[in-house]
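Student: Next up is a structure, given as structure tokens.
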Amino acid sequence: MPVSKASIKSFFQSDMLLFLAILYLVEFVRGAALISFLPIYGDKALGLDLDVIGAAITAHYLTDTSLKLAIGYLLDRLSVRTVVCIGLLFSFVGIAILQFADIPWIFISAAAIYGIGISPIWIVCLTKVNENQRATQMGFLYTIWLVGLGSGPVVTNLLLDFNLDLTYWVMAGVALAAFLLSLFIRGGRSVHIDVVPFRQQLAILGSRLRDMKLLLPGMVLQTLGAGMLLPILPSFAVNSLGMTATHYSILLIIGGGCTVVGLIPMGKLSDSLGKKWFLIAGFLAFGIVLFALTQHPQLALALFWAFVLGISYAAVLPAWNALLAAYVPPGQQGLGWGVFSTVEGIGGIIGPIIGGFLATRFSESSVVGLAGIMFMIISLFYVFFPFRLFKGDSLPPAKES
Numbered sequence: 005m006p007v008s009k010a011s012i013k014s015f016f017q018s019d020m021l022l023f024l025a026i027l028y029l030v031e032f033v034r035g036a037a038l039i040s041f042l043p044i045y046g047d048k049a050l051g052l053d054l055d056v057i058g059a060a061i062t063a064h065y066l067t068d069t070s071l072k073l074a075i076g077y078l079l080d081r082l083s084v085r086t087v088v089c090i091g092l093l094f095s096f097v098g099i100a101i102l103q104f105a106d107i108p109w110i111f112i113s114a115a116a117i118y119g120i121g122i123s124p125i126w127i128v129c130l131t132k133v134n135e136n137q138r139a140t141q142m143g144f145l146y147t148i149w150l151v152g153l154g155s156g157p158v159v160t161n162l163l164l165d166f167n168l169d170l171t172y173w174v175m176a177g178v179a180l181a182a183f184l185l186s187l188f189i190r191g192g193r194s195v196h197i198d199v200v201p202f203r204q205q206l207a208i209l210g211s212r213l214r215d216m217k218l219l220l221p222g223m224v225l226q227t228l229g230a231g232m233l234l235p236i237l238p239s240f241a242v243n244s245l246g247m248t249a250t251h252y253s254i255l256l257i258i259g260g261g262c263t264v265v266g267l268i269p270m271g272k273l274s275d276s277l278g279k280k281w282f283l284i285a286g287f288l289a290f291g292i293v294l295f296a297l298t299q300h301p302q303l304a305l306a307l308f309w310a311f312v313l314g315i316s317y318a319a320v321l322p323a324w325n326a327l328l329a330a331y332v333p334p335g336q337q338g339l340g341w342g343v344f345s346t347v348e349g350i351g352g353i354i355g356p357i358i359g360g361f362l363a364t365r366f367s368e369s370s371v372v373g374l375a376g377i378m379f380m381i382i383s384l385f386y387v388f389f390p391f392r393l394f395k396g397d398s399l400p401p402a403k404e405s
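Counting from 1, position 220 in the sequence shown corresponds to residue 224 in this note's numbering; the numbering is continuous, with no gaps.
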């Protein structure tokens, strides 16, 4: 389906530009913290084991995920500004505590507090996407998200080689800027929402979860595989691939850049051609590349695999979210995305601690190889998924009890 200029223009109205700016800053800090700062700072500066670092990342996702349902409920009832501001204030406090995190429990607690404020801005942005151009507009949204998520660790890696304290203060400054920007959000709720009793909303969402039960295994396994990689990626790049911090930054730039460039065209193709083969091919390529990286390739080949990973991720993201969006009940978007994000977050909670434990007991390569096998299994899962039940439109209204 062609993308109209009016559709794109309507997506970038004044309030949406502010939300996207905040989203970029939030994801910059998240990427910097989870992909680079926490693993490298915890390992090099604090001498923590990978299982402790994995526990800290798990603590972050535990608070992030456990609050998604509550945040979705609040966004359906309270001012967007109130919910987003309070969340981002908690995130800033979590980053501020990191400067005192010289023992494991403080390190883990700081990561947990930081996770409190991540969800609101993302769920608000999701509710702004138009249904008739969802995959395409999700491409724009994910472009902003990934530019932030990717630029954070790249900048952090370069600064970590130069000055650890400066790296921390850049992260703290960006987190503070996100909070200050949130003060300019207009009052009111994110979207027009029908007033429905909470118990009735849960009944509708329960019906949606039953409808999408075939998707649940894939939802959990996807985030589980990705979560396992978070605490070990920097050490894997150094110990198994022989990379310096600069090489690792280049790898992230290539992978993230290819994802950003590919998101919008992949979103358009997904709108036009359907979701099935984008998911199958994307996850299969993920698995193959991760397994190939365990064979200790030369730098040039590793950078090529980063290119393939980026394109694969660009194929998966718009298709997956367009598929998931069909199950979000009309009128309860905040609560709906909160519930589904919570289900997805289960893998993100247990993945880092499993990855850190396996890396400590065995090796980083074993974790990467296992994650690759999991993504291959996910690809096979979507081969047999009944996509005939999903034609790109929203499901019929769920029965209300």
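Yeah, the Cβ is synthetic: ideal placement off N, Cα and C, and Gly gets one too. Since this is a predicted model, take the numbers as computed values, not measurements.
Alpha carbon to alpha carbon, how far is A179 from I99?
Tutor: For the purposes of this step, residue 179 is taken as residue 175 along the sequence shown, with counting starting at 1. For the purposes of this step, residue 99 is taken as residue 95 along the sequence shown, with counting starting at 1. Each residue's Cα considered, the two are about 8 Å apart.
Student: Expressed to the nearest angstrom, what Euclidean distance is found between the alpha-carbon atoms of V387 and A37?
Tutor: Numbered from 1 along the sequence shown, position 383 holds the residue referred to as residue 387. Numbered from 1 along the sequence shown, position 33 holds the residue referred to as residue 37. So the alpha carbons of these two residues sit roughly 35 Å apart.
Student: R81 by DSSP, collapsed to three states: which one?
Tutor: Looking up residue 81 in the sequence shown gives position 77. Here R81 sits in coil by DSSP.
Student: Alpha carbon to alpha carbon, what distance is there between G46 and R34?
Tutor: Counting from 1 along the sequence shown, the entry for residue 34 is found at position 30. Counting from 1 along the sequence shown, the entry for residue 46 is found at position 42. Spanning the two alpha carbons is a distance of roughly 16 Å.
Student: Kindly list the residues whose CB is nearer than 6 Å to the CB of S194, restricted to its own chain and excluding five residues on each side of it in sequence; keep chain order.
Tutor: If you number the sequence shown from 1, residue 194 lands on position 190. Note that S194 scores 48 on pLDDT, short of 50, meaning its location in the model is unreliable; the coordinates nonetheless yield the value given after this. Only L79, V84, V128 and T131 meet the Cβ criterion.
Student: Where does G51 fall in DSSP's three states?
Tutor: Here residue 51 is taken as the residue at index 47 of the sequence shown, counted from 1. If DSSP states are grouped into helix, strand and coil, G51 belongs with coil.
Student: From the DSSP output, in three-state form, read off L234 for me.
Tutor: For the purposes of this step, residue 234 is taken as residue 230 along the sequence shown, with counting starting at 1. Three-state result, L234: coil.
Student: Would you check if there are 3 or more beta carbon pairs closer than 8 Å linking the region 163-183 to the region 99-110?
Tutor: Yes: at least three Cβ pairs fall under 8 Å.
Student: Does DSSP put M380 in a helix, a strand or coil?
Tutor: Taking the first residue of the sequence shown as 1, we reach residue 380 at position 376. Of the three classes helix, strand and coil, the one that applies to M380 here is helix, per DSSP.
Student: Could you name the residues of the same chain whose beta carbon sits closer than 6 Å to that of A115, not counting the 5 residues immediately before and after it, in chain order?
Tutor: Counting from one through the sequence shown, the residue named residue 115 turns up at place 111. So the list reads A60, A63 and H64, once near-sequence residues are dropped.
Student: CB-CB under 8 Å to L362, same chain, minus the five flanking residues each way: which ones, in chain order?
Tutor: Translated into the one-based positions of the sequence shown, residue 362 becomes position 358. These residues qualify, in order along the chain: M232, S370, V371 and L374.
Student: Distance, Cα to Cα, G154 vs L256?
Tutor: For this step, residue 154 is matched to residue 150 along the sequence shown. For this step, residue 256 is matched to residue 252 along the sequence shown. So the two alpha carbons sit approximately 7 Å from each other.
Student: Do the region 318-329 and the region 279-292 touch if we need at least three Cβ pairs shorter than 8 Å?
Tutor: Touching, per the Cβ criterion.
Student: Out of L170, S95, G260 and I382, point me to the one whose CA is closest to V151's CA.
Tutor: Here residue 151 refers to the residue found at position 147 of the sequence shown. V151 has its Cα closest to that of G260, out of L170, S95, G260 and I382.
Student: Under DSSP, the alpha helix (DSSP H) around T298 begins and ends at which residues?
Tutor: The count along the sequence shown starts at 1 and reaches residue 298 at position 294. Run containing T298: none; DSSP gives neither H nor E here.
Student: Using C-beta distances below 6 Å, list every residue in its chain close to I258, excluding the 5 sequence neighbours before and after it, in chain order.
Tutor: Taking the first residue of the sequence shown as position 1, residue 258 is located at position 254. Correct list, in chain order: L307, A310 and F311.
Student: Could you give the DSSP three-state label for V265: helix, strand or coil?
Tutor: The residue given as residue 265 occupies position 261 in the sequence shown. In the structure shown, V265 sits in a helix (DSSP, three-state: H, G or I).
Student: For A176, report the span of its alpha helix (DSSP H) as first-last.
Tutor: For the purposes of this step, residue 176 is identified with residue 172 of the sequence shown, where counting begins at 1. A176 -> alpha helix (DSSP H) spans L168 to S186.
Student: What does the Cβ neighbour count give for P221, buried or exposed, with the cut at 16 atoms within 10 Å?
Tutor: The residue you call residue 221 lines up with position 217 of the sequence shown. Classification for P221: exposed.
Student: Assuming the contact rule is C-beta atoms closer than 8 Å, G237 and H300 should be a hit. Round their C-beta distance to whole Å, please.
Tutor: By 1-based counting over the sequence shown, the position of residue 237 is 233. By 1-based counting over the sequence shown, the position of residue 300 is 296. Per the sequence presented here, residue 237 reads as Leu, with Gly not at that position. Between H300 and L237 the Cβ distance is about 15 Å, and since that is not below 8 Å, they are no contact.
Student: Apart from the five residues just before and just after V2, which ones in its own chain have a Cβ nearer than 7 Å to its Cβ?
Tutor: No statement about residue 2 is possible, as the shown extent of the chain runs from 5 to 405 and does not include it.
Student: Terminal residues of the continuous alpha helix (DSSP H) containing S244?
Tutor: Numbered from its first residue, the sequence shown carries residue 244 at position 240. Run containing S244: none; DSSP gives neither H nor E here.
Student: Once the 5 residues before and after A296 are set aside, which same chain residues still bring their CB inside 7 Å of it?
Tutor: Along the sequence shown, read from residue 1 onward, the residue named residue 296 stands at position 292. Result list for A296: W309, in chain order.
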